[in-house]
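*Asks:* Using full-length UniProt numbering, you'd call the opening residue of the sequence shown number 1 and step up by one each time.
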Amino acid sequence: MSVPRLMLSSLAGAGRFCVLGSGAARWKSVRARNRRGLSDLHPQLSPSQGFRDSPSWLPKNRSEPRSYITNPKLATTLVQILQKESRNRHQLFLECNPGPGILTQALLESQAKVIALECNRTFLPHLQSLRKKVNRKLEVVHCDFFKLDPRNSGIVKPPIMLSETLFQNLGIEALPWSEDNPLRVVGIFPAKNEKKILWKLLYDLYSSTSIYSYGRVQLNMFIAEKEYEKLVADPQNNLYQPLSVLWQVACEIKLLHVEPWSSFSVYNQPGGPKKSKNKEPLEQINKQNMCFIQLTPLQNLFTENLTSVNYDIFFHMLKQCFMKRHATLMDHLQSLSPVNAVAILKEIEKDGDMKITDLYPEDFKLLFETIESFRESCRWLFDDCIEDIIL
Numbered sequence: 001m002s003v004p005r006l007m008l009s010s011l012a013g014a015g016r017f018c019v020l021g022s023g024a025a026r027w028k029s030v031r032a033r034n035r036r037g038l039s040d041l042h043p044q045l046s047p048s049q050g051f052r053d054s055p056s057w058l059p060k061n062r063s064e065p066r067s068y069i070t071n072p073k074l075a076t077t078l079v080q081i082l083q084k085e086s087r088n089r090h091q092l093f094l095e096c097n098p099g100p101g102i103l104t105q106a107l108l109e110s111q112a113k114v115i116a117l118e119c120n121r122t123f124l125p126h127l128q129s130l131r132k133k134v135n136r137k138l139e140v141v142h143c144d145f146f147k148l149d150p151r152n153s154g155i156v157k158p159p160i161m162l163s164e165t166l167f168q169n170l171g172i173e174a175l176p177w178s179e180d181n182p183l184r185v186v187g188i189f190p191a192k193n194e195k196k197i198l199w200k201l202l203y204d205l206y207s208s209t210s211i212y213s214y215g216r217v218q219l220n221m222f223i224a225e226k227e228y229e230k231l232v233a234d235p236q237n238n239l240y241q242p243l244s245v246l247w248q249v250a251c252e253i254k255l256l257h258v259e260p261w262s263s264f265s266v267y268n269q270p271g272g273p274k275k276s277k278n279k280e281p282l283e284q285i286n287k288q289n290m291c292f293i294q295l296t297p298l299q300n301l302f303t304e305n306l307t308s309v310n311y312d313i314f315f316h317m318l319k320q321c322f323m324k325r326h327a328t329l330m331d332h333l334q335s336l337s338p339v340n341a342v343a344i345l346k347e348i349e350k351d352g353d354m355k356i357t358d359l360y361p362e363d364f365k366l367l368f369e370t371i372e373s374f375r376e377s378c379r380w381l382f383d384d385c386i387e388d389i390i391l
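1. Figure out for me which residue from S86, H326 and T70 has the closest Cα to the Cα of Q218.
2. Quick check: the Cα distance between S213 and T104, rounded to an integer number of angstroms?
3. My understanding is that Y228 touches C291, with C-beta atoms under 8 Å, so please give their C-beta distance in whole angstroms.
4. Would you check if the distance between the CB atom of S210 and the CB atom of L148 is smaller than 8 Å?
5. Would the beta-carbon of S263 fall within 8 Å of that of L74?
6. Among residues of its own chain, excluding the 5 on either side of E139, which ones have a beta-carbon nearer than 8 Å to its beta-carbon?
7. With DSSP run on the structure shown, which of helix, strand or coil describes Y240?
8. Distance, Cα to Cα, I155 vs I344?
9. Helix, strand or coil, according to DSSP, for A191 in the structure here?
10. Is the beta carbon of A250 closer than 8 Å to that of L198?
11. In whole angstroms, give me the CA-to-CA distance for V245 and S129.
12. Could you check if L255 is buried or exposed, using at least 16 other CB atoms within 10 Å of its CB as the buried criterion?
13. Buried or exposed, going by whether 16 or more other CB atoms sit within 10 Å of the CB of S178?
14. Per DSSP, which residues does F93 bridge with? Please list them.
15. Quick check on M323: buried or exposed, where buried means 16 or more other Cβ atoms within 10 Å of its Cβ?
16. Contact defined as beta carbons within less than 8 Å: I believe I253 pairs with V266. What is the distance between those atoms, to the nearest angstrom?
17. Evaluate R121 with the Cβ neighbour count: other Cβ atoms within 10 Å of its Cβ, from every protein chain shown; 16 or more gives buried, anything less gives exposed.
18. Quick one: Cα of K350 to Cα of L205, how far?
19. Please name the residue, chosen from L336, F374, D312 and M317, that lies closest to D363 on a Cα-to-Cα basis.
20. Taking its Cβ as the centre, do 16 or more other Cβ atoms sit within 10 Å of H126, making it buried, or is it exposed?
21. If you measure between the beta carbons of S373 and A191, is that distance less than 8 Å?
22. Just the C-alpha distance for residue 394 and V134, rounded to the nearest angstrom, thanks.
23. Start and end of the beta strand (DSSP E) containing E259?
24. Which partner residues does E139 have in the DSSP bridge list?
25. Would you identify the three-state DSSP class for R131, choosing helix, strand or coil?
26. Taking the alpha carbon of P158 as the point to measure from, which residue in V185, L183, K195 and E118 has its own alpha carbon closest?
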């Protein structure tokens, strides 16, 4: 099954993209004499005024709190990590809510190309001025990445957008799923909605919709340490859940960096940082960590028996298994009439007396594919909405 992925097409107009002879995703080359150093890209602030205090970039409207990278040293560290993870120095990055643009500038200095999706209008003028200084190696769009392609939506307007509209405007086309990922997303998951966003991305990934209708888009995101631990949990961990199985089946998950929560600035209203409503003492909050992780969709995610059409049955099977997590594998198989439990166990070479949640992610995938391959089991689970597994 061939699923398309990203490709950049040639469009007229400054700041658009083009396809080079190799077919790789790249922008028009920028001559060395037109490239600026990192120091040239920083806004000129008075010696006593830093980005944390500058009123020029603080959000003027009350909105949901968001974390921003305001430490240049952290930005440089992240760019160095991302460079090690890619052989392409001219990699295309889609940056989510860059805010003051500290990471944006570091990415540009590394010769990367950046599409900045910023949901807060307050930051747009600064990002647009930065775009002019870097010979249009930067595109700036008023858009919230985490609200792309809302479900059950009517008319949408910025910062909410449809990925199809966004990518068409940027001249981005789809390429086969089997190809390498040409677009890398970088940013910070909003703390308030991490779990919902993770489920939304899973839905998009398994259904090959939204950004994943364009290919194996790679996510490089900061996430709360407790949520990261859920993603990588195994059967020996009490955090093991459907979310763990689905992400591990779909992606290669790498932990790239760990940073204290205190390294980030959180703003949501004029005048300065948002005061945390967390009941924990501030010193305890500051001890929490943020994990910079990489989620790369696997080329072999989709098979003959796990597709973007029947993925919802896989989701539902996992929900049923984890609702009765202490039941045996045989008990679960026998409840899935008309599944031939004995034949399934023989095929996957598992003991029917083992606890269902002792299965590893790859075992759950094999179990599902085996059941699907039995013709008599074509309707072995009722269709359910994905929301039923968002607990």
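Heads up, the beta-carbon is just placed ideally off N, CA and C, and yes, glycines get one too.
Given the structure is predicted, the values throughout are model-derived calculations rather than measurements.
*Replies:* Taking the structure as given:
1. Considering only alpha carbons, the answer is S86.
2. In a straight line, the C-alpha of S213 is about 26 Å away from that of T104.
3. Contact check for Y228 and C291: beta-carbon distance about 4 Å, within the 8 Å limit, so the pair qualifies.
4. For S210 and L148, yes; Cβs fall inside 8 Å.
5. Yes, the Cβ-Cβ distance between S263 and L74 is below 8 Å.
6. The answer, listed in chain order, is G15, V114, I115, A116, R131 and L170.
7. Under the three-state reduction of DSSP, Y240 is assigned to coil, being neither helix nor strand.
8. Their backbone Cα atoms lie some 47 Å apart in a straight line.
9. Residue state, collapsed to three classes: helix.
10. A250 sits away from L198, with the two beta carbons spaced by 8 Å or more.
11. Approximately 44 Å between the Cα atoms of the pair.
12. Burial call: exposed.
13. Flag for S178 reads exposed.
14. BP columns for F93 point to V114 and R184.
15. Around the C-beta of M323, fewer than 16 other C-beta atoms lie within 10 Å, and the residue is accordingly described as exposed.
16. Contact doesn't hold; Cβ gap of about 26 Å is too wide.
17. By the Cβ neighbour-count rule, R121 is exposed, with fewer than 16 other Cβ atoms within 10 Å of its own.
18. Rounded to whole angstroms, K350 to L205 spans 29 Å at the Cα level.
19. The shortest C-alpha separation from D363 is found at M317.
20. By the neighbour-count criterion, in which 16 or more other beta carbons inside 10 Å mark a residue as buried, H126 falls on the buried side.
21. The answer is no: Cβ separation not under 8 Å.
22. The chain is shown from 1 up to 391; residue 394 falls before or after that span and cannot be answered.
23. Taken as a continuous stretch (DSSP letters only), the beta strand (DSSP E) holding E259 covers C251 to P260.
24. Note: E139 sits in a beta bridge opposite I115.
25. DSSP, read as helix, strand or coil, puts R131 in helix.
26. Ranking V185, L183, K195 and E118 by Cα distance to P158 puts E118 first.
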